[in-house]
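The block underneath contains the structure these notes are about, expressed in structure tokens.
Put into structure tokens, the structure is as follows:
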């Protein structure tokens, strides 16, 4: 089974690409979905609440207030690192288990959709990395519109991740998502067809 890592900065448009890949019949593991699921695990939730007990991050029904937690960690690198140290090992474990499960089922291809695939060293679990790119101005505007953030809040979230210039050194394929949906999907199809045709082999990185 060929495992493809799909990554890119926040608000780069990975979700639309991921959804299209699913339409092509390829299984997709969504790291963001797993991240939401594990915070419903009482042991994980208790660890998060203990670490951030001074910030009242639980709602009245004892659910994690994700928006409040995000406003805390994306303004403080140390707190973000503490949160990641609690959640990321479990996320990585579940992704690995899902990959193993799909491999046993006989799937030919599997995509791991993870924004922090490179930063958190999920690279050891994938064979190929597909990096989605948009410029920072587009990211900011998308975040402001999507999450109702201020410009400063949007920039804090973007700057909490490795910049594109750093990520591209790890990429086998780069998808420019600055144009139309059709333009993006055409690139995705070229990449997927190349992977299928070559069996995942590539001679050089595509920048």
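Numbering (the working numbering), first residue to last: 195 to 401. Glycine residues also receive a C-beta, built at the ideal position from the N, C-alpha and C atoms.
| Query | Result |
| --- | --- |
| Exposure of residue 405, with buried meaning 16 or more beta-carbon neighbours within 10 Å | Here the chain has residues from 195 to 401 only, and residue 405 is not among them. |
| Three-state class that DSSP yields for residue 314 in the structure shown | coil |
| Given residue 333 as reference, the closest of 353, 314, 321, 322 once Cα atoms are compared | 353 |
| Beta strand (DSSP E) segment containing residue 307, residue limits | 303-307 |
| Span of the beta strand (DSSP E), counted from its first residue to its last, around residue 370 | 367-370 |
| Three-state class that DSSP yields for residue 332 in the structure shown | helix |
| Close-in-space but distant-in-sequence residues of the same chain around residue 343 (CB under 8 Å, 5 per side omitted) | 337, 351 |
| Coarse secondary structure for residue 224, derived from DSSP in three states | strand |
| Coarse secondary structure for residue 382, derived from DSSP in three states | helix |
| Residue range of the beta strand (DSSP E) that includes residue 196 | 196-202 |
| Integer-rounded CB distance, given that residue 306 should sit under 8 Å from residue 223 | 5 Å |
| Euclidean distance between Cα positions of residue 321 and residue 195 | 9 Å |
| Whether residue 201 touches residue 311 by CB criterion (9 Å) | yes |
| Spatial distance of residue 241 from residue 387 (CA atoms) | 44 Å |
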